[in-house]
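Data block below; observations after.
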Amino acid sequence: VGILGNVQQKTFNVVYDVSKKKIGFGPGAC
Amino acid sequence: VRGEQGSYHKISIHSLLPSKVCSSFKESANFNFTRLKVTHRHGPCSPLRSHPTPLPEQILDEDRSRVDSLRRRIAAAATSAKLDRQRGSQVGSKIPVRPGSSVSTGNYVVTVGFGTPKRDQTVIFDTGSDITWIQCQPCVTYCYEQQDPIFNPSASSTYANISCSSTYCSDLDISGCSSSACLYGVQYGDNSFSIGFFAQDTLSLSPTDVIPKFPFGCGERNRGLFGKAAGLMGLGHGKLSLVTQTYQKYGGVFAYCLPPTSSSTGYLTFGTGYPSSKVKFTPMVTDASTPTFYYLNLMAISVAGQRLPISAKVFNDAGTIIDSGTVITRLPPTAYSALRSAFRQAMSSYKTASALSILDTCYDFTGHSTVSIPTVALQFGGGVTMELDLSGTLYVGSQSQVCLAFAANGDDSD
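Protein sequences, first through last, are from chains Y and U. Throughout the first sequence, residue numbering follows the numbering used here, covering 2 to 31 in sequence. Throughout the second sequence, residue numbering follows the numbering used here, covering 248 to 661 in sequence.
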């Protein structure tokens, strides 16, 4: 399996929405 | 600076190097949702900062153990829908611990309160596992050293052990029973583990956001690479995770931002009040045989604005999970090879350096004040493109050893 690790997630607003079954990425969040 | 020769980051070398001083994220005075501060557990902002700080290669070696554990778990699930449940009768002696039955480490921590009155505990947060646990007195067998005082359940007026007959107990992957009290066990890929009573108590995410009767592990036998963290917050997709257990309150929604350096801070939020500007969504995929994990569809990779010639089948065959506890992104070898080749070509004017643990594409920036780094973008299902921040492209060992922060799996079917 491929894995998206935490280094690559840095500075993104990573949103998990289980009810709507979607994952979001927003750049430059912190 | 973007737009040079396609799409490049042009940055000062000093911005790549870790600072010894915390530069905290500016918080607005009020939020109408739960927001916790996220720090790197080894950085100067962390309440757990340890001395000496682990070397970059030590963190990568631990990461290799975690990824091996993830692979074993997913592979095992493919042939066996569920692990056998075992029953024991004593804390710490009869619960079988199984390599790869869960996954841990991870580098980001938050502080939350347990019990009544609440006691702050700084825990690792992990989207790749489900069970939340903390070390508990009297540490019947043993506890490791932690920064916060070890939680004393007898001092909490709202603490209660969970019964062996409870569905919570039967939902555990590894469980036992002692005088009708449910026992839990978690073991991680690096042989770290926690064993103890499965219990309920009040969890305070903020002074105003309190979760009564939250199920968690009260660890009486704990050992491993947890640094000085009090335990772990499981944010996976499984039944016993914080996300599932608070579904009625937060709707299964949480968000985080991991800071660009270990000397800055990010956030973790619960509920729909997360910062929503510029967020683009890709479908979340789940797998019944590995319910803990959040899968998504990685479709393509670009370097310096050029899409790499990788068949979508390469990504589809493997599948991709997103994990806050794994450090370095792992790609199918065919995809990694194409990424490495394009990156090396774009970086051909820089002096190469020796490999750093699992990272084989490294550069010596000694003597440079600024460098130009090609942008790397990941494209997901639904047309979502994630153009990585520079901090998400490089892993810095030192100025003379700065590496492309990707690695390959063993083979394309892994």
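Here a beta-carbon is modelled for each residue, glycine too, at the ideal position from N, C-alpha and C.
With a cutoff of 8 Å on beta-carbon distance, Tyr503 (chain U) and Gly518 (chain U) are scored as not near each other. When the Cα atoms are used, Ala324 (chain U) and Gln434 (chain U) turn out to be separated by approximately 16 Å. For Ile568 (chain U), at least one C-beta of chain Y is nearer than 8 Å to its own C-beta.
Of the candidates Y:Gln9, Y:Ser20, Y:Gly25, Y:Ser20 places its Cα closest to the Cα of Gln495 (chain U). Per DSSP, the unbroken beta strand (DSSP E) holding Asp18 (chain Y) starts and ends at 14-18.
Pairing Tyr521 (chain U) with Val2 (chain Y) gives a Cβ-Cβ distance that is not under 8 Å.
Residue pairing by DSSP leaves Gly630 (chain U) without any beta bridge partner. When C-alpha distances from Ile421 (chain U) are compared across U:Ala565, U:Phe440, U:Asn408, U:Tyr406, the shortest belongs to U:Phe440. For Phe444 (chain U), no chain Y residue has a C-beta closer than 9 Å to its own C-beta; the minimum C-beta separation is roughly 28 Å.
Under the Cβ distance rule, Thr573 (chain U) counts among the residues neighbouring chain Y, one pair being separated by less than 8 Å.
Around the beta carbon of Glu467 (chain U), 16 or more other beta carbons lie within 10 angstroms, which makes this residue buried.
Within chain Y, the residues whose beta carbon sits less than 8 Å from that of Lys527 (chain U) are Gly25, Phe26, Gly27, listed in sequence order.
Taking a beta-carbon distance threshold of 8 Å, Met531 (chain U) counts as an interface residue toward chain Y. Shown here for Ala476 (chain U): same chain residues with a beta carbon closer than 8 Å to its own, the five before and five after excluded, namely Arg288, Leu295, Val356, Thr369, Val370, Ile371, Gln393, Gln394 in chain order. Excluding its 5 nearest sequence neighbours in each direction, Gln305 (chain U) has no C-beta neighbour in its own chain below 6 Å. The beta-carbon of Gly499 (chain U) is placed less than 8 Å from the nearest beta-carbon of chain Y. Taking 9 Å as the Cβ-Cβ cut-off, the stretch 422-435 of chain U has no residue approaching chain Y. By the neighbour-count criterion, in which a residue is buried when 16 or more other Cβ atoms sit within 10 angstroms of its Cβ, Arg554 (chain U) is exposed.
With fewer than 16 other Cβ atoms inside 10 Å of its own Cβ, Pro556 (chain U) counts as exposed.
One finds Gln10, Lys11, Thr12, Phe13, Asn14, Val15, Gly27, Ala30, Cys31 in chain Y with Cβ atoms closer than 9 Å to the Cβ of Cys504 (chain U), taken in chain order.
Contact annotation for Gly639 (chain U) against chain Y: Val8, Gln9, Gln10, Lys11, Thr12, Phe13 [CB-CB distance below 8 Å, chain order]. Ser584 (chain U) and Gly499 (chain U) have their alpha carbons spaced roughly 37 Å apart. At a cut-off of 8 Å, the C-beta of Arg318 (chain U) has a neighbouring C-beta in chain Y. Between Phe445 (chain U) and Pro462 (chain U) a beta carbon distance of about 7 Å is seen, short of the 8 Å cut, so the two are scored as contacting.
Non-local C-beta neighbours of Ile24 (chain Y) in its own chain, meaning closer than 8 Å and more than five positions away in sequence, comprise Val15, Val16, Tyr17, Asp18, ordered along the chain.
Beyond the five residues adjoining it in sequence on each side, Lys22 (chain Y) comes within less than 8 Å, by CB distance, of no other residue in the same chain. Nearest CB-CB separation between Thr576 (chain U) and chain Y: below the 8 Å threshold.
Within the same chain, Cβ atoms closer than 7 Å to the Cβ of Ala602 (chain U) are found at Cys609, the five residues on either side in sequence being excluded. For Leu450 (chain U), the enclosing beta strand (DSSP E) starts and ends at 440-453.
A Cβ-Cβ distance of about 6 Å is found for the pair Leu545 (chain U) and Phe627 (chain U), placing them in contact under the 8 Å criterion. Within the model, the alpha-carbon separation for Ser262 (chain U) versus Ala322 (chain U) is close to 40 Å. Annotation: the stretch 353-379 of chain U contains the following complete segments of the beta strand (DSSP E) (minimum length 3 residues), in chain order: 355-361, 366-373. Shown here for Asn563 (chain U): same chain residues with a beta carbon closer than 8 Å to its own, the five before and five after excluded, namely Asn544 in chain order.
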